Structures are given as structure tokens and as C-alpha cells.
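K.L.:
According to my numbering, the sequence shown is numbered sequentially starting from 1430.
From the three backbone atoms N, C-alpha and C, an ideal C-beta is built for every residue, glycine too.
These numbers come from a predicted model, not from an experiment.
Below are the C-alpha cells for one structure; questions will follow.
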Amino acid sequence: MEPGASGEDAGLLMSSGAGGRSDLSTLELAQKLAELATRTTLTEERLGDLRKLLETRKKKAKKYDVSSPTEVIALLLDRIASLERRNDRLADRNQMLESVYTQLRKV
């Protein structure tokens, strides 16, 4: 993941407005999602999956009036950032384990 892409991106979206709710329009959030996607290591396939999930969430939000599409997008961005941080931690752990394994094989 590139240095600028982190939970800060999603945090900025969530922090504007009262009570942590975003005042950004759906269009602005979609643009932020596109910007975040270009700054991360997400594959095209994964971006397609996220777009499908976003559309499903939008439909459910409208159907059940659970939350606004704007809130759903902000939550998805937060989840993306969280998964990327987890992926980075797992990659670091994997690298450490490979290093230990290599050292043990030398002994």
C-alpha cells in the first residue's frame, strides 16, 4: 500500500459533520472512493467486487431505509482501509516467518 492510503482517507470522510456523519454528497463520496482506489494496491477484480457490494448496499439501504447511501459509502471506505491495514500486517508477519524459516533451515 502506498504511504498516503490509509484509514486516514476513510476517517476524513467520516469526520465531517455532526456525530461523525459525513456531509459529503454521494457523488463526492464516489469520487473519494475512486481516488482511494487509484492510490492503493487494489486489483481491478477487487474493485469490481467492491462496486457490486456498494450497489447491493445502496439497494438494501433504500429498501429497508437502514441508512443513507452516503453513510453506506463512508462505511465501505472505512472497511476498505481496515482490510488494507490488516493485509499489510499479515504481509509483514508472513515475511518475518519466512525469514525465521530460512534461518532455521541453515542450522
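Does the stretch 1454-1462 come close enough to the stretch 1502-1509 to have 3 or more Cβ pairs within less than 8 Å?
P.N.:
yes
K.L.:
Grouping DSSP H, G and I as helix and E and B as strand, with all else coil, what is VAL1536?
P.N.:
Here residue 1536 refers to the residue found at position 107 when the sequence shown is read from its first residue. Coil.
K.L.:
Does DSSP put SER1497 in a helix, a strand or coil?
P.N.:
Start at 1 with the first residue of the sequence shown, and residue 1497 comes out as number 68. SER1497: coil per DSSP, three-state reduction.
K.L.:
Less than 7 Å between C-beta atoms, sequence neighbours within five positions excluded: which residues of the same chain meet that for LEU1441?
P.N.:
Within the sequence shown, residue 1441 is the residue found at index 12, counting from 1. With a pLDDT of 44 at LEU1441, under the threshold of 50, the modelled position of that residue is not reliable, and the figure given next carries that caveat. Excluding positions up to five away in sequence, the list is empty.
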